[in-house]
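So in my numbering, spot 15 of the sequence shown is number 1407, and the numbers just go up one at a time. A virtual CB, placed ideally from N, CA and C, is assigned to each residue, including glycine. Keep in mind the model is a prediction, meaning the values are calculated, not measured. Right, one structure below, let's go through it.
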Amino acid sequence: MALLTPDDLQNMTDALVENDNLVCTLTGLSLDRLCADIYKTEKKNEKIAIIPVTAGCGIIGRFSESLLFTVQHFGMDGFITKNTDIAGFYEAVTSGADIILMADDLAFVAYNLKSQKIAHNQICTGRVYAEILCRMPTPDAAAKEVLVIGLGKVGTPALETFLDYGYSISVFDADSRRLNEVVGGSGYRCPPNSSGKIKKYDPNAGCKFDKIFEATPAADTVPECCLTNGSVLSTPGIPCGLSKTLQEKYNVKIVQEPLGIGTLSMLYAVF
Ligand code: NAD
Ligand code: 2YJ
Ligand code: MG
1393 MALLTPDDLQ NMTDALVEND NLVCTLTGLS LDRLCADIYK TEKKNEKIAI IPVTAGCGII
1453 GRFSESLLFT VQHFGMDGFI TKNTDIAGFY EAVTSGADII LMADDLAFVA YNLKSQKIAH
1513 NQICTGRVYA EILCRMPTPD AAAKEVLVIG LGKVGTPALE TFLDYGYSIS VFDADSRRLN
1573 EVVGGSGYRC PPNSSGKIKK YDPNAGCKFD KIFEATPAAD TVPECCLTNG SVLSTPGIPC
1633 GLSKTLQEKY NVKIVQEPLG IGTLSMLYAV F
């Protein structure tokens, strides 16, 4: 389980603003409007409580603050509870919170106290980063091709989105067992009815991809042979899987931000 670090979050406020602009250029929708359209929900003045959690590895510097920035940047009312953990939960509820954001080492959730809707960060992150690629216009409607690198808890829900949009999906994971499970349509969180629509990425076949999704905790996962000039990489993975050299050589546009995009997706999932 990859935990965020305070360093990962150092530039998140700038990154969120820059990515919002880039997503708008690529899709014609701001992140806020994109999430509203994904979940068919709208915010209604909900009060959002962020509860710092000390369990496991403990409080991560800048984590709660980055969540509060995200909430306020998108025009919502939020606060960080003074208390942590269960005392923080009590404080959130008695202070009139409608939605709670809280994370331990294993899960980051949004919970709507009124509707009882709950959202999981990994699922909502995979979905929104995949939707960004799906909503970009494709020059040739028949050529709906995407390369997905990393088939874990974030990458797998992204596959469902690509399947929903009718994409032909090439996949790669360093774990060959996981790769075979996904291509075979079996195993943990594998999308149903995917058989025949997901194939193993073959770096020797010479295929170039305009759209690439990456969700791994490793660097240099995006190979040069899959790139073409102007490829778009939508990647929640930390650190970035594409080297600066290849990014510049192929003029790759990269959607990547460490926390806020996934959090916005979670909030719209529970509105
Ligand atoms: P995971 O461990 O469930 O899955 C990661 C997958 O990547 C695994 O299947 C693993 O085998 C594969 N992998 C590892 N190294 C690889 C390599 N060199 N090449 C190809 N595949 C490789 O992790 P996850 O929960 O899916 O998270 C993936 C990444 O996304 C992590 O870096 C995590 O921190 C990040 N993340 C970011 C956000 C965000 O908002 N930006 C949100 C959630 C997770
Ligand atoms: O409240 C805090 O400061 C900490 N307990 C936050 C813990 C954050 N958790 C993670 O980063 C885990 N990887 C799970 C959430 C996935 C989000 N990338
Ligand atoms: Mg994010």
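- Per DSSP, reduced to three states, the secondary structure at ASP1602 is coil, with no helix or strand assignment.
- If you draw a straight line from the Cα of ASP1567 to the Cα of ASN1437, it is about 44 Å long.
- Following the DSSP letters along the chain, one finds ILE1478 inside the alpha helix (DSSP H) bounded by residues 1477-1486.
- Look at which beta carbons fall closer than 7 Å to any heavy atom of the ligand MG; those residues are THR1517, PRO1628, GLU1649, PRO1650, LEU1651, GLY1652, ILE1653, GLY1654 and THR1655.
- For the pair LYS1592 and VAL1563, the Cα-to-Cα distance works out to about 5 Å.
- PHE1605 has its Cβ no nearer than 7 Å to any heavy atom of the ligand NAD.
- Around the Cβ of SER1458, a 10 Å sphere holds 16 or more other Cβ atoms; the residue is buried.
- Beta-bridge analysis with DSSP links ILE1510 to TYR1503.
- By the 16-neighbour rule on beta-carbons within 10 angstroms, ASN1513 is buried.
- Exclusion of the five residues before and after LYS1645 leaves LEU1414, LEU1418, GLY1622, SER1623, VAL1624 and LEU1625 as the residues of its chain whose Cβ lies within less than 8 Å of its Cβ.
- Inclusion of GLY1542 in the 7 Å shell around the ligand NAD follows from its C-beta lying nearer than that to a non-hydrogen atom of the ligand.
- Distances taken from the Cβ of ILE1452 to the heavy atoms of the ligand 2YJ include one shorter than 7 Å.
- MET1404 sits in a helix when the DSSP states are folded into three classes.
- For PHE1601, the shortest C-beta to heavy atom distance toward the ligand NAD is 7 Å or greater.
- Taking a C-beta distance under 8 Å as the contact criterion, ILE1430 and VAL1520 qualify as a contact pair.
- Taking CYS1516 as the centre and dropping the five residues before and after it, the same chain places the C-beta of GLY1654, SER1657, MET1658 and ALA1661 closer than 7 Å to its C-beta, in chain order.
- With a cutoff of 8 Å on beta-carbon distance, PRO1609 and GLY1629 are scored as near each other.
- DSSP places ALA1495 inside the beta strand (DSSP E), whose first and last residues are 1491-1495.
- Inclusion of VAL1463 and ILE1440 in the CB contact set at 8 Å is warranted, their separation being smaller than that value.
- VAL1445 carries a coil assignment under DSSP once its states are collapsed to helix, strand and coil.
- The ligand NAD has no heavy atom closer than 7 Å to the beta-carbon of VAL1463.
- Per DSSP, the beta bridge partners of GLY1470 are ILE1440.
- Distance between LYS1536 and TYR1642, taken at the CA atoms: about 20 Å.
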